[in-house]
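Those letters in the sequence shown? Residues 49 to 223, per this note's numbering, in order.
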Amino acid sequence: GQTDRLRPHGSQDERSSPVTVALEDRAVTLEESMGDVKERIDDVDNRLNDGLRIMQEYLKEFVWDTIGSSENKLAEKDDALEAMVTALKEEINELKGELKIFKAAIGNGMLASKSKPQAMDVPKPKVFKGARSVSEVDNFLWAIEQYFCEINIEDDGTKVNTVTMYFIDISLLWW
């Protein structure tokens, strides 16, 4: 028995039984098959690793392209937003300038209106009927001029339009 165990696989001894020889042959065949399977597994493993490496490179490139595209879009939007802010600042400055002008105009208008107090009840001039008397024409013109002063009408166009409201009868026909 001890010598049988020390004998290499596949070597036949006259004392070996055919079952032992068959088992030894089968073990050798299995070892060879296992070697083939290991080679195939290594080949599949290498192919998978190569495929994963290719996919990783593709994904890395895709991610960098996407990041670059997003950066470009954000830069464009940033530029557009910056232009809008600049335009709004310019418009605000223009509006501030206009506001100063309006405040100054209102301030001057208020001072002017305070310097000429208006009477609350200004008597209206009598109507002019078209009399040919110099004194009546002078009186009418003087009364109208006083009326314009009291209600603070200084514009000649407004004066002409207002005075025509006081013409009746013949004088209205003259106009």
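Where a beta carbon is used, it is the ideal one built from N, C-alpha and C, also for glycine.
On a predicted model such as this, the values are computed, not experimentally measured, just so you know.
8 angstroms Cβ cutoff met for E193 and V170: The Cβ-Cβ distance between E193 and V170 does not fall below 8 angstroms.
Beta-carbon proximity of P173 to F188, cut-off 8 angstroms: Cβ distance < 8 angstroms, so P173 and F188 count as in contact.
Between the CA atoms of G205 and S183 - distance to the nearest angstrom: Roughly 25 angstroms between the two C-alpha positions.
Beta-carbon proximity list for V211, same chain, < 6 angstroms, skipping 5 on both sides: Excluding sequence positions up to five before and after V211, its CB lies within less than 6 angstroms of the CB of I192, all in the same chain and listed in chain order.
In DSSP terms, what F176 is bridged to: According to the DSSP secondary-structure assignment, F176 is paired through a beta bridge with F215.
DSSP three-state assignment for I149, whether helix, strand or coil: I149 falls in the helix class under three-state DSSP.
Start-to-end residues for the alpha helix (DSSP H) that takes in N187: Counting along the chain, the alpha helix (DSSP H) containing N187 begins and ends at 182 to 198.
Where F110 falls, given that 16 or more other Cβ within 10 Å makes a residue buried: It counts as exposed.
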